[in-house]
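Worksheet: the structure to be examined is printed underneath.
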């Protein structure tokens, strides 16, 4: 039925659609809905404690026995850099003054801990069928533990170089994350944002470079994009932004409202929220401090300084200081449940594929 | 045979492939080869005098009676800005010193005149079947003359806004130029490069927004990309970089050699060569002066200061000061004649489309 079954067979799923793990935006309910639909539900753990992750996975396992993807970041934690922090903090003093906030009230950034022994223990205990990583792969010792469990391992490549590296280091499939994608870019062998290739160019070049199945990501939000991904040689897709508008998404009403009127040219890559480039809708702080600021402290520490400003703005109904993660195709998304969305995406893709065959 | 015949019927061609007009890189020979293959050959006139354009079109008409696309830029010429020119010139003094050149020897930029009455007279005289524009459309009076001849009119959109504008102002088809595309971006309602959407995101959003056929461009260099474009709802493709490696291309040996080893992440948008953003391979002048310099004088005047430096570098076998236009998928291109290339692209696309239909 699907033109390429490699990803379906590898992951034990029925529909070649992976729900992108989006930290802070989805929880167990989304994973359950997508896995029950036949796609691959994902639980983003980057912002969770091991205890919280255990609880979420427990909920998921109660509601579905279908394959689950558990996702972790695997960055290196930076050394503190007080001088840089101070410069960065001063950039936000005018906003504190404007909003009547004490500049010293800013909180530490949300704890984005990289995949570690504690999380690896959790993986061993709960044995998710799929473990995906962002920002490369964890150290060989930890990766070896995951691989020995039989979990299928995925990670994202933003260039052909990164795809080769991931395939060489044991990934069972590689997500080719094009420039269009929302949220954090998975880049780990380069920090140059400007040369990053778009999905249309990246996917076939990655397909030619590696032997494992390629999952296309970036700018895909409807059946046409899924059909196009197969045309380019991908064996499946990872979709993020379209799921942000699903009813199970836990994003704020402000974020949801901004996505509902998003334009094709309404996003940029910005490092102002975390220190790493991530695509989101353009708002005031992105315009005025970013989009890519050389002053931003290293990931994940940049965001702390903005916490109080963001809270005050959101309390006043403004999303001008909130990270409004979005890819470039938000306007193609439709609200509804994640289960309905996944099934509609798959049905539309199959219908689209059926219209493409040459008629003789 | 093709899943969408709208572009074929509109332009009177057999294969839904438009050879991108690339000023300075192709002449009559390329247009003849592509039109004879069944695609749409294009003659870029942006760097030609009316006299030279007349001669080239004469050669084309001698060798083929198939449809021809004649392409023009339609920017506004900027007022001279000596202060900015002086600052810009000073940026290149170190290179002049390094290469032993007199900084005052720099030449004016190549004359890129916008579409004007003289060129419009030529169009009336020679009646090309298709006239395409870059940077929007010419003033209504000139556009009206072209439309009254019955020429089909095309132009490039880099956003949904631009696509709507072009469709509303009389374009018979709109080229959706994604971020991946090489050479000058056609942007004309915005000058913001960072939010420009990639092909995968742009094409379906443009298809949804306008009623005329959409031609996909950017990152498409083989049959997979063409099949993907149809999946996204396009009625055809415009391909540039792949034709730069064809035997009829008039690019330098240095440019050809650089393209032959191009990487997926080896290009950026840069304004250092002309003052407008254009995608090319990263070389020394792009790295050191650009990629996007706020000092660059307005298009098309920025390049003059570099002429002597470029000539001296090229004479010494270096392309570090040459514009090496390229999209993000150069590595997918294969050398050969433009006729063979066009036929192979079409055959590969049809074969690819045939593999995508769901098998029940």
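Protein chains in written order, with the numbering used here: chain A, 1 to 360; chain B, 1 to 360. We put the CB at the ideal spot given by N, CA and C, even for glycine. Note that this is a predicted model, so its numbers are computed, not measured.
Given residue 246(B), which residues of its chain have a CB within under 8 Å of its CB, disregarding the five upstream and five downstream residues? The residue labelled residue 246(B) in the question sits at position 246 within the second chain. Close CB contacts of residue 246(B) within its chain, under the 8 Å cut and outside five residues either way in sequence, are with 30, 33, 335, 336, 337, 338, 341 (chain order).
Is residue 160(A) close to chain B? Criterion is C-beta to C-beta, closer than 7 Å. Mapped onto the first chain, residue 160(A) falls at position 160. It does; some Cβ of chain B falls within 7 Å.
Just curious, the beta strand (DSSP E) that residue 279(B) is in, first and last residue? Sequence index remark: in the second chain, residue 279(B) carries index 279 (1-based). It spans 278 to 281 - the beta strand (DSSP E) in which residue 279(B) sits, taken as one unbroken run.
Name the chain A residues that come within less than 7 Å of residue 352(B), Cβ to Cβ? On the second chain, residue 352(B) is found 352 positions in, with the first residue counted as 1. Correct list: 231.
Pick out whichever of 282(A), 257(A), 286(A) has its Cα sitting closest to the Cα of residue 317(A). Sequence index remark: in the first chain, residue 317(A) carries index 317 (1-based). For residue 317(A), the nearest C-alpha among the options comes from 257(A).
Is there a Cβ from chain B that is less than 7 Å from the Cβ of residue 356(A)? Stepping through the first chain from its first residue, residue 356(A) is reached at position 356. Yes, residue 356(A) lies at the interface with chain B (some Cβ there is under 7 Å from its Cβ).
From what residue to what residue does the alpha helix (DSSP H) around residue 55(A) run? Here residue 55(A) refers to the residue found at position 55 when the first chain is read from its first residue. Counting along the chain, the alpha helix (DSSP H) containing residue 55(A) begins and ends at 50 to 63.
With 16 other Cβ atoms within 10 Å as the buried cut-off, status of residue 152(A): For this step, residue 152(A) is matched to residue 152 along the first chain. Residue 152(A) comes out buried.
What residues from the region 259 to 284 of chain B come within 8 Å of chain A, judged by C-beta to C-beta, listed N to C? 263, 264, 265, 266, 267, 268, 269, 282
Express the C-alpha separation of residue 194(A) and residue 21(B) in angstroms, rounding to a whole number. Taking the first residue of the second chain as position 1, residue 21(B) is located at position 21. Taking the first residue of the first chain as position 1, residue 194(A) is located at position 194. About 25 Å.
State buried or exposed for residue 192(A), treating a residue as buried only when at least 16 other CB atoms are found within 10 Å of its CB. For the purposes of this step, residue 192(A) is taken as residue 192 along the first chain, with counting starting at 1. The residue is exposed, with fewer than 16 neighbouring Cβ atoms inside 10 Å.
Contacts of residue 220(A) in chain B (Cβ-Cβ under 9 Å): For the purposes of this step, residue 220(A) is identified with residue 220 of the first chain, where counting begins at 1. Residues of chain B whose Cβ lies closer than 9 Å to the Cβ of residue 220(A) are, in chain order, 200, 201.
Buried/exposed call for residue 37(B), threshold 16 Cβ in 10 Å: Translated into the one-based positions of the second chain, residue 37(B) becomes position 37. So residue 37(B) ends up on the buried side.
Who are the neighbours of residue 190(A) on chain B, taking C-beta pairs under 8 Å? Here residue 190(A) is taken as the residue at index 190 of the first chain, counted from 1. Ordered by position in chain B, the residues that pass the 8 Å Cβ test against residue 190(A) are 265.
Using a Cβ-Cβ cutoff of 8 Å, what residues of the region 321 to 339 of chain A are near chain B? List them in chain order. 327, 328, 329, 331, 332
Boundaries of the alpha helix (DSSP H) in which residue 213(B) is found, first to last residue: Along the second chain, one-based indexing puts residue 213(B) at 213. Note, residue 213(B): premise wrong, no alpha helix (DSSP H); not H, not E.
7 Å is my cut-off, CB to CB: does residue 224(A) come that close to chain B? Residue mapping note: residue 224(A) aligns to position 224 of the first chain, counting from 1. Chain B, which has a Cβ nearer than 7 Å to the Cβ of residue 224(A), makes this yes.
Unbroken stretches of the alpha helix (DSSP H), 4 residues or longer, contained in the region 1 to 57 of chain B: 6 to 11, 28 to 37
Return the chain-ordered list of same chain residues with a C-beta closer than 8 Å to the C-beta of residue 280(A), the five sequence neighbours on each side being excluded. Position 280 of the first chain, counting from 1, holds the residue named residue 280(A). Closer than 8 Å at the Cβ level, and outside the excluded window around residue 280(A), lie 182, 183, 267, 268, 270, 273, 286, 323, 324, 325, 326.
Using the DSSP secondary-structure output, state which residues sit across from residue 274(B) in a beta bridge. In the second chain, residue 274(B) corresponds to position 274, counting from 1. Bridge partners of residue 274(B): none, in fact.
Could you have a look at residue 309(A) and say whether DSSP puts it in helix, strand or coil? In the first chain, counting from the first residue as 1, residue 309(A) sits at position 309. Residue state, collapsed to three classes: helix.
Starting from residue 179(A), find everything on chain B with Cβ-Cβ shorter than 7 Å and list it in chain order. On the first chain, position 179 is the one that residue 179(A) refers to. For residue 179(A), the chain B residues whose Cβ falls inside 7 Å of its Cβ are 179, 198, in order along the chain.
Kindly indicate if chain B contains any beta-carbon less than 7 Å away from that of residue 295(A). To locate residue 295(A), count along the first chain from 1; it is residue 295. It does not; no Cβ of chain B falls within 7 Å.
Nearest to residue 98(B) by CA position, among 309(B), 77(B), 332(B), is which residue? Mapped onto the second chain, residue 98(B) falls at position 98. If you compare the alpha carbons of 309(B), 77(B), 332(B) with that of residue 98(B), the shortest gap goes to 309(B).
Along the chain, where does the beta strand (DSSP E) containing residue 144(B) start, and where does it finish? In the second chain, residue 144(B) corresponds to position 144, counting from 1. Note, residue 144(B): premise wrong, no beta strand (DSSP E); alpha helix (DSSP H) at 140 to 148.
Do residue 70(A) and residue 128(A) come within 7 Å of each other at the CB atom, strictly closer than that value? As a position in the first chain, residue 128(A) is number 128, starting the count at 1. As a position in the first chain, residue 70(A) is number 70, starting the count at 1. Taking 7 Å as the Cβ cut-off, residue 128(A) and residue 70(A) qualify as a contacting pair.
I want to know whether the region 37 to 51 of chain B touches the region 77 to 91 of chain B - three or more CB-CB distances under 8 Å. no
Quick check: the Cα distance between residue 353(A) and residue 283(A), rounded to an integer number of angstroms? Within the first chain, residue 353(A) is the residue found at index 353, counting from 1. Within the first chain, residue 283(A) is the residue found at index 283, counting from 1. Computed Cα separation, rounded: 37 Å.
I need the boundaries of the beta strand (DSSP E) containing residue 193(B), first residue and last residue. Sequence index remark: in the second chain, residue 193(B) carries index 193 (1-based). That residue, residue 193(B), is in no beta strand (DSSP E); it is neither H nor E in DSSP.
Cβ of residue 205(A) less than 7 Å from any chain B Cβ? Here residue 205(A) corresponds to residue number 205 of the first chain, with the count starting at 1. Answer yes: the Cβ-Cβ gap between residue 205(A) and chain B drops below 7 Å somewhere.
Residue nearest to residue 305(B) in terms of C-alpha spacing, selected from 14(B), 236(B), 102(B): Translated into positions along the second chain, residue 305(B) becomes position 305. For residue 305(B), the nearest C-alpha among the options comes from 102(B).
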